[in-house]
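Each remark here refers to the structure printed beneath this line.
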Amino acid sequence: MHLAYPAVLAALLFCTGLYGVLARRNAILVLMSVELMLNAVNLNLVAFDVWLRDALHAGQALTLFTIAIAAAEIGIGLAIVLMVYRNRGTSDVDRLRDTAEGHEPAANNQSEVTA
Amino acid sequence: MSTTTLAVLVPLLPFLGAVAGLLLGRTAPGFVRPLAILPTLAAAVLAVVVAVRQGGGPAISTATELTPTGSVPIDLSLYIDGFAALVAVLVGVVATCVQVYSTAYLREDPRYPSYAALVSLFTSAMLLVVYSGDLMVLLVGWEIMGICSYFLVGHYWETEAARSASLKAFLVTKLGDVPFLIGLFALAADAGSFQITKILGTVAAGGLDHPTLIALLLLAGVAGKSAQFPLHTWLPDAMAGPTPVSALIHAATMVAAGVYFIARLLPVFAASSAALVVMAVMAAVTMVGSGLAAIAQDDIKRVLAYSTVGQLGYMVGALAVGDRGAAVFHLLSHGAFKALLFLGAGVIIHAAGTNSLGAMSRMGGLAKRIPDAFWTMTIALLALAAVPPFAGFFSKEAVLVAAEHTATGHSEFAPSAAGWLVLVAGLLTALLTAAYATRLWLMAFRGRGAAAPDHGKEPLAMTGVLWLLAIPSVGFGLAAGPIAGWFDGGELTPTLVTSVLGTGAAAIGAMLTYALWQRASAKAALVSAAGTRVAAAAGEPAAVAAAESAAEAPEVAEVTHDHPAVPAGPAADPGKAFLGPLHRHAADGFHLDAVYDRLFVRPVRAAASLVRFLDREVVDTYVRGAGTGTQLLGSLVRRAQTGNVQSYLSALLAGAVVLAIATAVLANVNAGS
Amino acid sequence: MSPAATLAAAATTGPGFLSPTGVEIAFVLVGLATLGAALVTVTTKQLVHAALWLVVALGGIAVEYLLLTAEFIAWVQVLIYLGSVVVLLLFGLMLTKAPIGRSPDADSGNRWIALGVAVVAAASLVWVVVDAFRTTWIDLDGPVQGSTKVSGEILFQHWVLPFEALSVLLLAALIGAIVLSRRNDPADASDKGQR
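Here it is in structure tokens:
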């Protein structure tokens, strides 16, 4: 099989995930897009591992680790999203603008709960 | 010990004394007086021993190179000829006298320890200048003297006058020192060495490329240090310092350094007749001008200060006609009697409670209160006025003889114009000198009026020193014969023509002053009598004069170290009549300070305000512009700070993509080429 | 742009792109399906549908792993991603009260910038990858590379230490997630009544 097939597929999947991360409003959908990007990387790792016939199978081992880390990441990420939602009443990424220039943190806390 | 070792010890001992005095001054006040007197005394004794061993024979010259310093080597070297040996003796003796005198004079001064240490350092620096055979090492001593004079003149720094006087002394001498330094470098560059012997060798071989330039540059430094016109203005103001310091500066150290320096390097100056003429003009202007100014001064110390300037004019005049023997001879005798005059003036000021001659002239019996000061001052004034058997007569005659010698064309290098100039100015100054010496004596000791206040007997440390210094003031002239052998060998004994002329001029000056004084005091008595009667018959001017004299009376309260105004009215001052319309200008030092103010101070101030304007309005605009520009840019950038993480990330990734593409394209282009 | 067309145009040497093997055909087909599912995932207006399309995309990737003979990883993918991650995401959606049905504001205003960045990145990546690997051939025959046996051997022979470190990481993530999602103040929560 040509290496180009999995490599191009991985690149496209990665950019799809990239679009999702940048364009989605809901934090959970952002996390889904992150998963897509991670999977694109995994695909690359496996394809190159198979091509190189590595004696240690470093690519496959790393893929397994990535999957495990992705699981951990999704757990922590969701916990954070939940907490944000609980505090702010929203999980929209573009509404969390406390670091904006000229922002008054004390006044904003209450007003955004209602949203 | 070898003569060289002794000679090294001479400047070293006062230096160590100064260091020890500065270190121990606070912790062990008991050691301060011994530490001040003993090293200086030891240095004086050693200087005498060195002089005896040298004995006017060939110069002792040794040199050690401490470290290589590049193109022109700087050596630690000694060069002791007859000049150096004798001047060192003078410095040692005068410094010892001053130190002893100061123990009494500044008995209650809280800053005496630092004062004594600085005087020791001053002495050490002067001795270094005298003995050094290397111009760079000489310069070190020269500059140490400058800074010491700054500190000592500003000893009473609580008063405004002392502060500004010390600053003026420092700045004016520095003004001369800058060209001096450049001149030294030029000289060393031409001669290829800083060592005096080598420089003199080069000069003798005619190896000097720019003699006039070098001589004029060096002359500027000498004019600053030796208080010659037009850089003399610091010296009268330096009277704000304690009187012993004035004695030290005027008699032995600071001002003598310039004359001594020219004497040492006279061949360099003699190589350029233009420099000699400039020197002669400078000396003549200085002599006559300072003589006139001295007559008009009211402050006794300022009279003496202008007298010093005039006597230095004599020395420089002698150098201008190429006779360094006469110059140094006058330097030595002047050192003795001028030290005596200043120390005596200190006693008078102590006793009278004022600096003002006008106030003293209204005080009776001052001579009886302080008989030691009276007699020694009389001797010193006679010496100053060059009355025959006293020291001043012989040394001044030596100068006049040298000038006459040159004027009649008998000198091998000095132009005869310089000789005439110095001779005429010298004779005129002899008259003026006698006049102000007589005036000083009459006004200080022949005052009429209320008896002087009784301050008790002056301490032995003060009067003893006066008598000690009186000996050379009387007898040093007799050394004219033997001492000539120590110098270049030229005759120092007076000739008939010049003695008659000089003494005649002095006699005329003295008589004239006495006659005018008689008239002035008679008038003063009349006016004061009229003042007491409060009669309208006395007329308007008399009443004004009486009022002025009444206003002046409170000055006789305590020793003040600033300068009281020139007195008017019934003070029997022969100077006024003597000078006539010139008096006002002479009292102000011929407005030279005002001229300097116009020429330098105001332009500098104007330039400073211009710079301030440029700085505030032009430079600051750029600075503020830099600030405002950044602020504007910052407020623009602030708007990008939306708080939206996604837009940040978009920008970040877009940048990364651009960079990645650029890298890929570049890699391809490079691979393709 | 279609990857197959790009590749077909680029292929000139070696086993040509114009005469694909059966594995390649299967790979490309599954790949197209995966890519489509991924695109729908990031563009759909219905949030829950996005999660379900994610299942399709991840499953497609699992199939790709199988086609690349990495069977153990394929099953791990199915187990962890399809089994747990997607379920977690669905739970998250539900806990944050994600609207069911079409939500018109699923995409933020950043969409067009995101599209630009993504397209440019995709174009450059594809260009670079194709440029670099258009002649590279993976030999899928020969000894088995990704079976459970092989994976287990390499994992517990060469990668034991990172494996164990990973377990610590997972533990830390577990504790972290618990700490983060725990309610600190029950009274505050009942006041809000958001749950």
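Protein chains in written order, with this note's numbering: chain Y, 184 to 298; chain E, 181 to 853; chain U, 3 to 197. Where a beta carbon is used, it is the ideal one built from N, C-alpha and C, also for glycine. A quick note: this is a predicted structure, and the numbers were derived from the prediction, not measured.
Which of helix, strand or coil DSSP assigns to L286 (chain E):
coil
If we cut at 9 Å on Cβ distances, does G823 (chain E) have a partner in chain Y?
yes
Buried or exposed: where does D370 (chain E) fall if 16 or more other Cβ atoms within 10 Å of its Cβ makes it buried?
buried
Distance, Y616 (chain E) Cα to L561 (chain E) Cα
Computed Cα separation, rounded: 9 Å.
Taking a contact to mean a Cβ-Cβ separation below 9 Å, would you say V50 (chain U) touches L95 (chain U) in this structure?
yes
Between E:T303, E:A704, E:A594, E:R343, which lies nearest to A227 (chain E) when the distance is taken from Cα to Cα?
E:T303
Beta-carbon neighbours of A283 (chain Y), restricted to chain U and to distances below 8 Å
Within chain U, no residue comes near A283 (chain Y); the closest Cβ sits about 15 Å away, beyond 8 Å.
Please name the residues in the region 98-118 of chain U whose beta-carbon is closer than 7 Å to at least one beta-carbon of chain E, in chain order.
S110, N112, I115, A116
Can we say the region 113-121 of chain U touches the region 203-222 of chain Y, given the rule of at least three CB pairs closer than 8 Å?
yes
Could you spell out the range, first to last residue, of the beta strand (DSSP E) harbouring Y336 (chain E)?
Neither: Y336 (chain E) is in no beta strand (DSSP E) and is coded neither H nor E.
Over the uninterrupted beta strand (DSSP E) stretch that includes T242 (chain E), give me the two end residues.
Segment 240-244, the beta strand (DSSP E) holding T242 (chain E).
Ordered along the chain, which non-local residues of its own chain (more than five positions away) have a Cβ less than 6 Å from that of F197 (chain Y)?
M220, A223, listed in sequence order.
Within chain E, the residues that D277 (chain Y) reaches when beta carbons sit closer than 7 Å:
Per Cβ cutoff of 7 Å: N824, Q826.
Run through the region 331-413 of chain E for me and flag every whole alpha helix (DSSP H) of 4 or more residues, listed as ranges in chain order.
List check, alpha helix (DSSP H) in window: 340-371, 376-384, 391-405.
Can you check whether the C-beta of R818 (chain E) is within less than 9 Å of a C-beta belonging to chain Y?
yes
Mind pulling the chain Y residues with CB within less than 7 Å of I830 (chain E)?
According to the sequence displayed, residue 830 (chain E) carries Ser and not Ile. Under the 7 Å cutoff, chain Y gives L205.
When you compare only the Cα positions, how much space is there between L97 (chain U) and L182 (chain U)?
If you take the alpha carbons of L97 (chain U) and L182 (chain U), they lie about 14 Å apart.
Skipping 5 residues on each side, what residues in its chain have a beta carbon closer than 8 Å to that of L69 (chain U)?
Hits under 8 Å: V25, A28, F29, V32.
Going by other Cβ atoms of all chains shown within 10 Å of its Cβ, with 16 needed for buried, is K99 (chain U) buried or exposed?
K99 (chain U) is classed as exposed because its beta carbon has fewer than 16 other beta carbons within 10 Å across all chains shown.
Classify M543 (chain E) as helix, strand or coil using the three-state DSSP reduction.
strand
At a CB-CB cut-off below 9 Å, which residues of chain Y make contact with F158 (chain U)?
In chain order: nothing, as chain Y lies at least about 10 Å away.
Please determine if the region 336-344 of chain E and the region 368-388 of chain E are in contact, where contact requires at least 3 C-beta pairs separated by less than 8 Å.
no
Helix, strand or coil: which one does DSSP assign to L869 (chain E)?
Shown here, chain E extends from 181 to 853; a query on residue 869 (chain E) therefore has no answer.
Put R713 (chain E) into one of helix, strand or coil per three-state DSSP.
Here R713 (chain E) scores only 49 on pLDDT, less than 50, and its place in the model should not be relied on; the value that follows carries that caveat. Three-state DSSP puts R713 (chain E) in a helix.
Using a C-beta to C-beta distance shorter than 8 Å, which residues of chain Y count as neighbours of L833 (chain E)?
L201, L205
Within the chosen definition, does the region 209-218 of chain Y reach the region 253-260 of chain Y through at least 3 CB pairs nearer than 8 Å?
yes
With the cut-off set at 9 Å, would you say M459 (chain E) and L399 (chain E) are in Cβ contact?
Against a cut-off of 9 Å, the Cβ pair of L399 (chain E) and M459 (chain E) comes out as a contact.
For L204 (chain E) and I217 (chain E), what's the separation of their Cα atoms in angstroms?
15 Å
Report yes if the CB atom of G356 (chain E) is closer than 9 Å to the CB atom of K405 (chain E), and no otherwise.
yes
Are A525 (chain E) and I480 (chain E) close, meaning C-beta to C-beta below 9 Å?
Yes, the Cβ-Cβ distance between A525 (chain E) and I480 (chain E) is below 9 Å.
Mapping the DSSP letters down to three states, classify Q811 (chain E) as helix, strand or coil.
helix
In this structure, how does DSSP classify R504 (chain E) when only helix, strand and coil are distinguished?
Correct three-state label for R504 (chain E): helix.
Identify each residue in the region 205-225 of chain Y for which the Cβ-Cβ distance to at least one residue of chain U is less than 9 Å, and report them in chain order.
L205, A206, R207, R208, N209, A210, I211, L212, L214, M215, S216, E218, L219, N222, A223, N225
Label T150 (chain U) either buried or exposed according to how many other C-beta atoms from any shown protein chain fall within 10 Å of its C-beta, with 16 as the threshold for buried.
Per the 10 Å Cβ criterion, exposed.
Mind listing the chain E neighbours of R280 (chain Y)? Cutoff is C-beta to C-beta under 7 Å, in chain order.
Chain-order list of chain E residues neighbouring R280 (chain Y): T822, G823, N824, by C-beta distance under 7 Å.
Just list the beta strand (DSSP E) runs in the region 190-216 of chain E, keeping only unbroken ones of 3 residues or longer that don't cross its boundaries, in chain order.
Runs of the beta strand (DSSP E) inside the region 190-216 of chain E: none found.
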